[in-house]
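Data first, discussion second: the structure below is written as structure tokens.
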Amino acid sequence: MTSFTRATALSTLFVCSAFANAAPARLLSPWDGHAVTLTNAPYACAAIDHVAPDLTTDGFYRLDDPTHSIIDPVRQAAYNASANPVKFAGQAIVKSADDFRTTGSRAAAACTMTRVLTMAREKSLTGHMSSSQAYYVQGWVAGAIAIAYLKVREASNVTPEQATLIGNWLHSIGQQTRDYYDQHTKSGKGNNHLYWAGVQLAATGVAANNRSDYDWGLATYDNGVNQIQPDGSLPLEMARGARALHYHLYAIAPLVLLAEFGEANHQDFYAHNHSAIHRLIKFSIDGVADPAPFAKATGVQQEAVKRPSGDQIGWAPPSARRFPDPTLSKYIANAPSLSVYHLGGLPPE
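Take 29 as the starting number for the sequence shown in our numbering and just add one per residue.
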């Protein structure tokens, strides 16, 4: 048993024992109970491309770069050619789900369900993953699709048979994710990839009403916040050289959404490790205006974040609602977009 597996088991035991009496029989998502007004607005629903069970792709950073922060244009082109068709299929599902949430269109909800069911029936992404990058893409896409499904399921008249089919499909992918990270998470500590896997498993657990998947996902939250230093930094993200600030903001996103899954199920994950996530948020947001602490810690100038958008600030709305912060509110108001594909599009309302 790996260190992360043991840590997961301990965290799962804590979650189950602490909330056994309060947790509902049916796991909930941040979108459950937040119905939108249904409309008959038309929606053009193009069929998504077929996505095979297997995925062959590889990373895009230079092989001689230990910080994994310098992109190799040749490798990136190969990655885009192999991974983009898969990501585009997921993006189509995320878009139709968000179009439903913003317009109430029954047709958009039905479109989302049709697309999800297509991938479930074809067992997309359940086969051989060729590399670590393939596992990352598999998890990002499956997690985004699981969230998109959760956004529409209350309004889509999903049948029990369809719900079972989708749940079993997502669980099958999630089992591969769990196995991969249980084997590859060193010393029991993971970086942002593990937290993104946690979002995937939390969403899968809710979609399939599978407590084991849900608890594994939420355990990654503690894995992350327990690494936050007194100054608010994450050591594994600070090791990313010129992209350290970028990866701190990127790591916050799954942690906040995991906390929101906890809130939906009456679990206060924001308070874990003495509310350490607030130190991480403050340190990272301060770094947007003044990246000097990141430059000093890494020894290199940071990539500029001139106007935070979805990938940097899309996680912020639910956090700012619970914990008002004028700086966050300003960034949210000025963001060109708040959609984050890996978070399943737009944040919880």
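Heads up, the beta-carbon is just placed ideally off N, CA and C, and yes, glycines get one too.
Is it the case that the region 335-344 contacts the region 360-377, given that we only count it when at least three CB pairs across the two stretches are under 8 Å? yes
Exercise. Using DSSP bridges, identify the partner residues of T67.
Key: S133
Check your understanding: Between I76 and L55, what straight-line distance do the alpha-carbon atoms span, to the nearest angstrom?
Key -> 29 Å
Cα-Cα separation between S240 and D92, rounded to whole angstroms:
39 Å
Looking at the strands, I want to know which residues DSSP matches up with M157. L83
*If you count every other CB in all the chains shown that lies within 10 Å of the CB of S124, and 16 or more means buried, which is it?*
buried
#### Entry: Residue from F297, V333, Q329 whose Cα sits closest to the Cα of H274
V333
Note to self: Quick check: V122 and A172, are their CB atoms within less than 9 Å of each other?
What the structure shows: yes
Next on the checklist: Do W343 and P321 count as a contact pair if the criterion is CB distance below 9 Å?
Outcome noted: no
Runs of alpha helix (DSSP H) lying entirely within the region 217-242, each at least 4 residues, in chain order: 220-236
Original post:
If we count the other Cβ atoms within 10 Å of its Cβ and call it buried at 16 or more, is S329 buried or exposed?
Top reply: Note that residue 329 is Gln in the sequence shown, not Ser. When all chains shown are included, Q329 counts as exposed.
Exposure label - A236; buried when at least 16 CB within 10 Å
buried
Query raised in the report: Is it buried or exposed for A50, if we count other Cβ within 10 angstroms and need 16 for buried?
Result: Low local confidence applies: a pLDDT of 47 at A50 is under 50, so the model's placement there is unreliable, with the coordinate-based value given in what follows. Answer is exposed; the Cβ neighbour count stays below 16.
So the candidates are K214, F128, F297; which of them puts its Cα closest to the Cα of G245?
F297
Which residues DSSP lists as bridging V368, in chain order | G373
Fill in: Backbone secondary structure at I360 - three-state DSSP
helix
Check your understanding: alpha helix (DSSP H) containing H96: first to last residue?
Key -> Premise fails: H96 is in no alpha helix (DSSP H) and is neither H nor E.
Run of the alpha helix (DSSP H) containing H78, from where it starts to where it stops:
No alpha helix (DSSP H) holds H78; DSSP gives it neither H nor E.
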